[in-house]
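In what follows, a structure is listed as structure tokens, so that the remarks can point back to it.
Have a look at this one:
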């Protein structure tokens, strides 16, 4: 193999013998560091690049610190560690959806606290000055599982090359919550999280300026992109942030932080199953913090936060998993990174004025409902009043129940008649939960913003044949990382801030007077345009009540 030739700039590109150019080893120089990547002959990948100092020891429960100047040689052929969380996924009542996801996703890498790395995938042969648009992926997982290693960016870049609309793909890890358990009493995803690592909240953390650390990690990664992506051939002025589930929620939080000023970090957003939600504030995390302090024998320390930083990782991990009192939260209003409820900020226009896409799956609530032990109308009412919409008056609960009847044919999975009703009230609760957590926030967001900035919206109704789940939460991932037709819309949006491509059905912008959706179907007509008017009265009521009676998350 020929020797590596380093340019006078900070870049080292792929060099190899002429006889084996398709399998040459790509390299790139960042500062004084040489990163050795991998190639599949079509794309070059640089994996596991640290974008911040390891959040360990004295930097545990600290805001991310900019990485020191790179020196030496780095192996960028493998993903970095995933951040500690619950595990690798949500339990599914049926293997159908998980089988589909497994067909397009990679396995998650092992976990470790030293996890703040990112990955860059580029078309092979891309050089500095190419100024390709950049797609930055933020993974989902309810803020308690997941990792960038699960999402193969090579497929996205390969498809962008086929479309003659090449992009640079970036994905990052960020600190998430430590553990979770399912229960039908929490607004977000029917789970309670043990919010250590990325989302621990308390007065102590507030005073230290160390709240919402997972979101701050994401912001630090976006700053890294601005500093270095041009060396990979990307254009730092053409960054689109893109994510699903809690990754989509993260995008909404990134859009409202800093008073809605994106600071030049991104120019567009592609949001799958997530929108600004009403949030509680950091004081609601104090019980979880105090429980963790007690479980780690830090109660008598002069600084409980410093004590938590000194606890061995294995001890901390066990304390998080074993302490059932650690019923905590995900992102919270801390009056710093998130200065007010994101839903309120959106309604008041204090959100990034950028083009965006925001879509939902049709049956968002099914994946989070099948484990719920709710079988009577009285139990539904209690779950709503005590957990999903805490404090709502009985009259409001009664109105919800009248708009979401117990008739299985009216429930979710929608459009499946009496099928899939695995327990009394299952399809009813799934419908309410999906609309409360996903459909109502999305519809509110796009209706509030469509008059001032370009907005598109979609509805994903494929995979209705999946038992129990239907077009469940995250099912659209299959047609992105497949790749599939949704991939093309993502690629086009990243390139042009418009999801439309040169062929096929045209996706109209969403307006209040013409609330049109690009709708994805099974069958011979895979896409058409429908109106965003379904369950109008019920969704409007849930949006109103959700804002008036927010949960912690």
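Residue numbers (our numbering): 1 to 553.
For glycine and all other residues, C-beta sits at the position ideal for the given N, C-alpha and C.
- Message: The beta strand (DSSP E) that contains residue 420, what's its start and end?
- Response: For the purposes of this step, residue 420 is taken as residue 420 along the chain shown, with counting starting at 1. Neither: residue 420 is in no beta strand (DSSP E) and is coded neither H nor E.
- Query: In terms of residue numbering, what span does the beta strand (DSSP E) encompassing residue 171 cover?
  - Reply: Within the chain shown, numbered from 1, the residue matching residue 171 stands at position 171. Unbroken beta strand (DSSP E) run through residue 171: 168-172.
- Message: Excluding the 5 residues flanking residue 121 on each side, which residues of the same chain have their C-beta closer than 6 Å to its C-beta?
- Response: Within the chain shown, the letter at position 121 stands for residue 121. 43, 45, 153, 154, 157 and 169.
- Taking the alpha-carbon positions, what's the residue 137 to residue 300 distance? The residue labelled residue 137 in the question sits at position 137 within the chain shown. The residue labelled residue 300 in the question sits at position 300 within the chain shown. Roughly 42 Å separates the two Cα atoms.
- Query: Can you list, in chain order, the stretches of the alpha helix (DSSP H) that have 4 or more residues and sit fully within the stretch 360-398?
  - Reply: Within the stretch 360-398, the alpha helix (DSSP H) runs of at least 4 residues that lie entirely inside it are, in chain order, 377-383.
- Message: Does residue 74 come out as helix, strand or coil in the three-state DSSP assignment?
- Response: As a position in the chain shown, residue 74 is number 74, starting the count at 1. Residue 74 falls in the strand class under three-state DSSP.
- Message: Output needed for residue 350: all residues of its chain with C-beta closer than 7 Å, excluding positions within five of it in sequence on either side, in chain order.
- Response: Taking the chain shown and counting its residues from 1, the one referred to as residue 350 is at position 350. 256, 259 and 260.
- Item | Entirely enclosed beta strand (DSSP E) segments - the stretch 131-177, minimum 3 residues | 132-138 and 168-172
- Query: Measuring CA to CA, which of 415, 440 and 510 is closest to residue 467?
  - Reply: To locate residue 467, count along the chain shown from 1; it is residue 467. When each option's Cα is compared against that of residue 467, the closest is 415.
- Task: Helix, strand or coil for residue 333, going by three-state DSSP, please let me know.
- Result: Position 333 of the chain shown holds residue 333. Strand at residue 333.
- Measuring alpha carbon to alpha carbon, tell me which of 118, 479, 499 and 302 ends up nearest residue 80. If you number the chain shown from 1, residue 80 lands on position 80. Nearest of 118, 479, 499 and 302 to residue 80, Cα basis: 118.
- Task: Determine the contact status of residue 454 and residue 355, defining contact as a CB-CB distance below 8 Å.
- Result: For this step, residue 454 is matched to residue 454 along the chain shown. For this step, residue 355 is matched to residue 355 along the chain shown. For residue 454 and residue 355, yes; Cβs fall inside 8 Å.
- Task: Could you spell out where the alpha helix (DSSP H) holding residue 306 opens and where it closes?
- Result: Position 306 of the chain shown holds residue 306. Start and end: 304-310.
- May I ask whether a heavy atom of the ligand FMN can be found less than 7 Å away from the beta carbon of residue 67? Looking at this structure, you won't find the ligand FMN or any other ligand, since it has none at all.
- Task: Can you have a look at residue 192 and say buried or exposed, based on whether 16 or more other CB atoms are within 10 angstroms of its CB?
- Result: Against the chain shown, residue 192 aligns to sequence position 192. Because the pLDDT of residue 192 is 44, which lies under 50, any placement of that residue in the model is unreliable, and the question is left without a value.
- Looking only at DSSP bridge pairs, what is residue 241 linked to? Translated into positions along the chain shown, residue 241 becomes position 241. For residue 241, which the question treats as bridged, DSSP gives the partners 136 and 269.
- Please list, in chain order, all residues of the same chain as residue 225 whose beta carbon is under 7 Å from its beta carbon, the five residues on each side excluded. Numbered from its first residue, the chain shown carries residue 225 at position 225. Excluding positions up to five away in sequence, the list reads 134, 136, 170, 236 and 239.
- Using 8 Å as the Cβ pair cut-off and three pairs as the minimum, do the stretch 308-316 and the stretch 284-296 touch? yes
- Entirely enclosed alpha helix (DSSP H) segments - the stretch 473-512, minimum 4 residues: Runs of the alpha helix (DSSP H) spanning 4 or more residues and lying entirely within the stretch 473-512 occur at 478-481 and 485-496, in chain order.
- Where residue 261 sits in the DSSP three-state scheme: Counting from 1 along the chain shown, the entry for residue 261 is found at position 261. DSSP, read as helix, strand or coil, puts residue 261 in coil.
- Kindly provide the ranges of any beta strand (DSSP E) runs that are 3 or more residues long and lie completely inside the stretch 203-250, ordered along the chain. 234-244
- Item | Euclidean distance between Cα positions of residue 481 and residue 520 | In the chain shown, the residue the question calls residue 481 occupies position 481. In the chain shown, the residue the question calls residue 520 occupies position 520. Distance between the alpha carbons of residue 481 and residue 520: 16 Å.
- Relative to the alpha-carbon of residue 39, which residue among 32, 27, 386 and 242 has its alpha-carbon at the smallest distance? Here residue 39 is taken as the residue at index 39 of the chain shown, counted from 1. Ranking the options by Cα distance to residue 39, first place goes to 27.
- Query: Can you tell me the Cα-Cα spacing of residue 148 and residue 402, whole angstroms?
  - Reply: Within the chain shown, numbered from 1, the residue matching residue 148 stands at position 148. Within the chain shown, numbered from 1, the residue matching residue 402 stands at position 402. Those two C-alpha atoms are separated by around 42 Å.
- Message: Is the separation between the beta-carbon of residue 517 and that of residue 268 shorter than 8 Å?
- Response: For this step, residue 517 is matched to residue 517 along the chain shown. For this step, residue 268 is matched to residue 268 along the chain shown. No; because the gap between Cβ atoms is not below 8 Å, this pair is not in contact.
- Query: According to the neighbour-count rule (16 or more other Cβ atoms, all chains shown, within 10 Å of its Cβ), is residue 69 buried or exposed?
  - Reply: Within the chain shown, residue 69 is the residue found at index 69, counting from 1. Burial call: exposed.
- Task: For residue 190, count neighbouring Cβ atoms within 10 angstroms of its own Cβ and tell me buried if that reaches 16, exposed if not.
- Result: On the chain shown, residue 190 is found 190 positions in, with the first residue counted as 1. Only weak support is given to the placement of residue 190: the predicted model assigns it a pLDDT of 39, under 50, and the question is left unresolved by the model.
- Message: Looking at the secondary structure, which residues open and close the beta strand (DSSP E) in which residue 554 lies?
- Response: Limits of the chain in this structure are 1 at one end and 553 at the other, which puts residue 554 out of reach.
- Bridge partner(s) assigned by DSSP for residue 32: For the purposes of this step, residue 32 is taken as residue 32 along the chain shown, with counting starting at 1. Beta-bridge annotation (DSSP): residue 32 is paired with 71.
- Message: Tell me which residue opens and which closes the alpha helix (DSSP H) that residue 442 is part of.
- Response: Start at 1 with the first residue of the chain shown, and residue 442 comes out as number 442. Run containing residue 442: 440-449, per the alpha helix (DSSP H) assignment.
- To the nearest angstrom, report how far apart residue 398 and residue 377 are at their CA atoms. Counting from one through the chain shown, the residue named residue 398 turns up at place 398. Counting from one through the chain shown, the residue named residue 377 turns up at place 377. Taking the straight line joining both Cα atoms gives about 10 Å.
- For residue 335, does the count of other Cβ atoms within 10 angstroms reach 16, so buried, or fall short, so exposed? By 1-based counting over the chain shown, the position of residue 335 is 335. Flag for residue 335 reads exposed.
- Task: Note down, in chain order, each residue of its chain lying with its Cβ closer than 7 Å to the Cβ of residue 576, except the 5 sequence neighbours on either side.
- Result: Given a span of 1 to 553 for the chain in the structure shown, any question on residue 576 remains unanswerable.
- Query: So residue 118 is in the alpha helix (DSSP H); what residue range does that whole segment cover?
  - Reply: Here residue 118 refers to the residue found at position 118 of the chain shown. Residue 118 -> not in any alpha helix (DSSP H); beta strand (DSSP E) instead, spanning 117-123.
- Message: Given this structure, state the Cα-to-Cα distance separating residue 140 from residue 31, to the nearest angstrom.
- Response: Counting from 1 along the chain shown, the entry for residue 140 is found at position 140. Counting from 1 along the chain shown, the entry for residue 31 is found at position 31. Looking at the two C-alpha atoms, the distance is approximately 31 Å.
- With respect to the alpha helix (DSSP H) encompassing residue 539, which residues constitute its N-terminal and C-terminal limits? The sequence position of residue 539 within the chain shown is 539, counting from 1. Taken as a continuous stretch (DSSP letters only), the alpha helix (DSSP H) holding residue 539 covers 536-548.
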